[in-house]
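Report on one structure; see the data block that follows.
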Ligand SMILES: [Zn+2]
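Residue numbers (UniProt numbering): 1 to 142.
Right, dumping it as structure tokens:
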């Protein structure tokens, strides 16, 4: 019997992100002052440094460009031991220069992968109520 896969535990700031993910929508926090996306949102806006950014979550396209990646071959988390090897991609999202998000590439560890490849958001249904954002090549023109 393997350990259960860990699931995210939303807090008040991340709850809208996980609620959108459960609907298979990627929604990111956007600063109410300068309109820049912040991932992850912090107490202050990393762009305009507003201390009262009033972040609100907005859906984004989920489309982006691979900037780097790594193949995870060992897991320190017992719940992920059965998942290795898997690929984590570092993706710059189309919505904003420098807006980068790391996620699992669902196409598998043997997929040919190059910097500059186009990907889109996809979702892993970890439990009936929890879906985790990831990425896939599927349906994305390069
Ligand atoms: Zn801002």
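Positions of the beta carbon are idealized from the N, C-alpha and C atoms, including for glycine.
This one's a predicted model, so the numbers in the text were calculated from it and none came from an experiment.
- A distance criterion of 7 angstroms places the beta-carbon of residue 53 in contact range of ligand 1, judged by its closest non-hydrogen atom.
- Within 7 angstroms of the C-beta of residue 29 there is not a single heavy atom belonging to ligand 1.
- Leaving aside the five residues that flank residue 50 on each side, the residues in its chain whose CB is nearer than 6 angstroms to its CB run, in chain order, 33.
- With respect to residue 104, residue 90 sits apart: the two C-beta atoms are not nearer than 8 angstroms.
- Membership of residue 20 in any beta strand (DSSP E) is not indicated; the residue belongs instead to the alpha helix (DSSP H) covering 15 to 22.
- The criterion of a C-beta distance shorter than 8 angstroms is not satisfied by residue 3 and residue 17.
- In this structure, ligand 1 has no non-hydrogen atom nearer than 7 angstroms to the beta-carbon of residue 97.
- Here the distance from the Cβ of residue 5 to the nearest heavy atom of ligand 1 is not below 7 angstroms.
- A residue is called buried once 16 or more other Cβ atoms fall within 10 Å of its Cβ, and residue 53 is buried on that count.
- Only residues of its own chain outside the window of five on either side were considered, and among them 64, 65, 67 and 100 have a CB closer than 6 angstroms to the CB of residue 92, listed in chain order.
- Short of 6 angstroms from the beta carbon of residue 29, and not among the five residues preceding or following it, lie these beta carbons of its own chain, in chain order: 38, 41, 55 and 57.
- Here residue 121 is not near residue 109, since their CB atoms are 8 angstroms or more apart.
- Of all alpha-carbon atoms in 11, 135, 123 and 35, the one lying nearest the alpha-carbon of residue 111 is that of 135.
- Contact between residue 87 and residue 113 holds, since their C-beta atoms are separated by about 7 angstroms, short of 8 angstroms.
- Secondary structure of residue 72 (DSSP, three-state): strand.
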